[in-house]
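Heads up, the sequence shown is in our numbering, so the first residue is 11 and it goes up one at a time.
Don't be surprised by glycine CBs; every beta carbon is placed ideally from N, CA and C.
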Amino acid sequence: MRISEQPGVVLDCRINLGESCLWDERTQTLRWINIFAGEIWSWSPFASEEPRITKLEERIGAIALREGGGLALALESGFALLDEGQHRPHRLVEIETDLDCTRLNDGRVDRQGRFVSGGVHEAIPQRPVSAVYALEPSGEARTLIESVHCANSICWSPAGDIMYFTDMPTGKIEAFDYDIGSGRVSHRRVFADLEGEPGLADGSIVDAEGCLWNAQWGGGKLVRYSPEGRVLSEVGLPVDNPTCLAFGGPDLDILFITTAWYGLDAQQRSRQPQAGSLFAFRPGVWGLKESRYAG
Numbered sequence: 011m012r013i014s015e016q017p018g019v020v021l022d023c024r025i026n027l028g029e030s031c032l033w034d035e036r037t038q039t040l041r042w043i044n045i046f047a048g049e050i051w052s053w054s055p056f057a058s059e060e061p062r063i064t065k066l067e068e069r070i071g072a073i074a075l076r077e078g079g080g081l082a083l084a085l086e087s088g089f090a091l092l093d094e095g096q097h098r099p100h101r102l103v104e105i106e107t108d109l110d111c112t113r114l115n116d117g118r119v120d121r122q123g124r125f126v127s128g129g130v131h132e133a134i135p136q137r138p139v140s141a142v143y144a145l146e147p148s149g150e151a152r153t154l155i156e157s158v159h160c161a162n163s164i165c166w167s168p169a170g171d172i173m174y175f176t177d178m179p180t181g182k183i184e185a186f187d188y189d190i191g192s193g194r195v196s197h198r199r200v201f202a203d204l205e206g207e208p209g210l211a212d213g214s215i216v217d218a219e220g221c222l223w224n225a226q227w228g229g230g231k232l233v234r235y236s237p238e239g240r241v242l243s244e245v246g247l248p249v250d251n252p253t254c255l256a257f258g259g260p261d262l263d264i265l266f267i268t269t270a271w272y273g274l275d276a277q278q279r280s281r282q283p284q285a286g287s288l289f290a291f292r293p294g295v296w297g298l299k300e301s302r303y304a305g
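What follows is the structure, encoded as structure tokens:
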């Protein structure tokens, strides 16, 4: 598979809402999800294989690799584990089952093996009734950030002592000091303000230089920020809705991009026939290995 320095389609899958992509360096496999279909996609791009699709019984917001193999899941109803090759998750803890119109959404694993995932309120008007939760290796969950409309951009600095997050409708990416030992946050501040930009901050990932890459939903671009929050570069895409990012390949020098046609009308979809497909390019920088849930 040839990957250029400009984003191009590497898998013409055209799914409704691709999200939560990550690279498994042990198997050289990319994994991502189709949220509303409850699907987990797995693809080995250098093995000339067709993608494998695992169909679940409910919607899924995020996935994470596990240290012992298989995946941790942030499902509509809460956290669960899924063994490799299985279709039925082992449920760990329910989240927000007392609330209407919420589900778990974006999530990643911190450098110490905790799976952190935040929720989304799907009603209109959208209200800040959800939260961000940390799933400890013990299988217990605790609240990390309260009063959330739609969690996204969860990721960490290379040292793991800064956590990034966006409450999507606010148009701001925020940073927190992150206590490595306790997994608690403090010193909340604005990292990047998207006021005046055409899109909103969706999924993010941090590269080996400590710079944050953000997929901007509705903006049709990726933006790379310095550790201080300064815009370093922008990369345009032929689709409006990029959603999530993962560094992959044998050298972690390929940036994979999930996208969506969800939210586009018929006219927009006709102008963006590749919406929902998987894109990739070589950005000239390297990524970090994906952290694994320790439970």
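- Item | Under 7 Å between C-beta atoms of Leu40 and Phe201 | Mapped onto the sequence shown, residue 40 falls at position 30. Mapped onto the sequence shown, residue 201 falls at position 191. Pairing Leu40 with Phe201 gives a Cβ-Cβ distance that is not under 7 Å.
- Query: CB-CB under 7 Å to Arg62, same chain, minus the five flanking residues each way: which ones, in chain order?
  - Reply: Looking up residue 62 in the sequence shown gives position 52. Cβ within range, chain order: Ser52.
- Closest by C-alpha distance to Pro55, when choosing among Asp189, Ala90, Trp33 and Arg240: As a first step, residue 55 is located in the sequence shown; it is residue number 45 there, counting from the start. Per the Cα distances, Trp33.
- Item | Continuous alpha helix (DSSP H) stretch holding Arg281: start and end | Numbered from its first residue, the sequence shown carries residue 281 at position 271. Element bounds for Arg281: Ala276 to Arg281.
- Message: Can you tell me whether Thr37 is helix, strand or coil according to DSSP?
- Response: Residue mapping note: residue 37 aligns to position 27 of the sequence shown, counting from 1. DSSP places Thr37 outside both helix and strand once states are collapsed to three, so it counts as coil.
- Message: Using the Cβ count rule (16 or more neighbours within 10 Å means buried), how would you classify Gly273?
- Response: Along the sequence shown, one-based indexing puts residue 273 at 263. Exposed.
- Task: Have a look at Asp171 and Tyr188 and give me their C-alpha separation to the nearest angstrom.
- Result: The residue given as residue 171 occupies position 161 in the sequence shown. The residue given as residue 188 occupies position 178 in the sequence shown. Going by the C-alpha atoms only, they are around 5 Å apart.
- Task: Please go through the same chain and pick out, in chain order, the residues whose beta-carbon is closer than 6 Å to the beta-carbon of Leu66, but skip the five residues on each side of it.
- Result: Here the question's residue 66 lines up with position 56 in the sequence shown. The beta carbon of Leu66 is closer than 6 Å to those of Gly48 in its chain, skipping five residues each way along the sequence.
- Return the residue from the list Leu204, Trp42 and Asn26 that minimises the CA-CA distance to Gln282. By one-based count along the sequence shown, residue 282 stands at place 272. Per the Cα distances, Asn26.
- Query: Pairing CB atoms from the stretch 93-113 with CB atoms from the stretch 168-185, are three or more of them under 8 Å?
  - Reply: The stretch 93-113 is not in contact with the stretch 168-185.
- Cut-off 8 Å between Cβ atoms - residues of its own chain near Ser243, not counting five sequence neighbours on either side: Sequence index remark: in the sequence shown, residue 243 carries index 233 (1-based). Cβ-Cβ distances below 8 Å link Ser243 to Val233 and Arg234 in the same chain, with the five nearest sequence neighbours on each side left out; the list follows chain order.
- Task: Can you give me the Cβ contacts of Arg198 inside the same chain, cut-off strictly under 7 Å, excluding the 5 residues immediately before and after it?
- Result: As a first step, residue 198 is located in the sequence shown; it is residue number 188 there, counting from the start. Its chain contains Glu184 and Phe186 as the residues whose beta carbon lies nearer than 7 Å to that of Arg198, once the 5 sequence neighbours on both sides are disregarded; these appear in chain order.
- Could you tell me whether the Cβ of Glu77 comes closer than 7 Å to any Cβ of chain C? Reference to chain C is not applicable here, since this structure consists of a single protein chain.
- Verify whether the separation of the beta carbon atoms of Val119 and Ile164 is less than 7 Å. In the sequence shown, residue 119 corresponds to position 109, counting from 1. In the sequence shown, residue 164 corresponds to position 154, counting from 1. For Val119 and Ile164, no; Cβs fall outside 7 Å.
- Check the DSSP bridge columns for Pro179 and list the partner residues they point to. Taking the first residue of the sequence shown as position 1, residue 179 is located at position 169. Looking at the DSSP assignment, Pro179 forms no beta bridge with any residue, so it has no partner.
- Expected contact under 8 Å - CB spacing of Glu77 and Gly117 to nearest Å: Counted from its first residue, the sequence shown places residue 77 at position 67. Counted from its first residue, the sequence shown places residue 117 at position 107. Not really, about 16 Å apart at Cβ, beyond 8 Å.
- Assigned secondary structure, Asp203 (DSSP; H/G/I helix, E/B strand, else coil): Residue mapping note: residue 203 aligns to position 193 of the sequence shown, counting from 1. In this structure, Asp203 counts as strand in the three-state DSSP scheme.
- Can you name, in chain order, every residue of its own chain whose Cβ lies under 6 Å from the Cβ of Ser196, other than the five neighbours on each side? The residue given as residue 196 occupies position 186 in the sequence shown. The residues are Asp187.
- For Cys165, the first and last residue of its enclosing beta strand (DSSP E): Locating residue 165 in the sequence shown gives position 155, where the first residue counts as 1. For Cys165, the enclosing beta strand (DSSP E) covers residues Ala161 to Trp166.
- Selection from Leu222, Val249 and Leu21 that minimises the alpha carbon distance to Gly239: Your numbering for residue 239 matches position 229 in the sequence shown. The alpha carbon of Gly239 has as its nearest neighbour, out of Leu222, Val249 and Leu21, the alpha carbon of Leu222.
- Task: Figure out for me which residue from Leu204, Ile215 and Pro168 has the closest Cα to the Cα of Ile190.
- Result: Locating residue 190 in the sequence shown gives position 180, counting from the first residue. Closest by alpha carbon: Pro168.
- Item | Through-space distance from Leu210 to Leu204, alpha-carbon basis | Taking the first residue of the sequence shown as 1, we reach residue 204 at position 194. Taking the first residue of the sequence shown as 1, we reach residue 210 at position 200. The straight-line gap separating the alpha-carbon atoms of Leu204 and Leu210 is approximately 7 Å.
- Item | Cα-Cα separation between Ala285 and Ala72, rounded to whole angstroms | Here residue 285 is taken as the residue at index 275 of the sequence shown, counted from 1. Here residue 72 is taken as the residue at index 62 of the sequence shown, counted from 1. One Cα belongs to Ala285, the other to Ala72, and the distance between them is close to 20 Å.
- Message: Between Gly18 and Phe289, how many whole angstroms is the CB-CB distance? I'm expecting something under 8 Å.
- Response: Taking the sequence shown and counting its residues from 1, one reaches residue 18 at position 8. Taking the sequence shown and counting its residues from 1, one reaches residue 289 at position 279. A Cβ-Cβ separation of about 6 Å places Gly18 in contact with Phe289 under the 8 Å criterion.
- Item | Pro179 versus Leu255, Ser30, Ser192 and Gly228, residue with shortest Cα-Cα distance | Counted from its first residue, the sequence shown places residue 179 at position 169. Nearest C-alpha to Pro179: Gly228.
- Task: Please report the residue range of the beta strand (DSSP E) in which Pro252 lies.
- Result: Residue mapping note: residue 252 aligns to position 242 of the sequence shown, counting from 1. Segment Pro252 to Gly258, the beta strand (DSSP E) holding Pro252.
- Measure from the alpha carbon of Gly80 to the alpha carbon of each residue in Gly294, Thr269, Arg36 and Gly246, then state which is nearest. As a position in the sequence shown, residue 80 is number 70, starting the count at 1. Considering only alpha carbons, the answer is Arg36.
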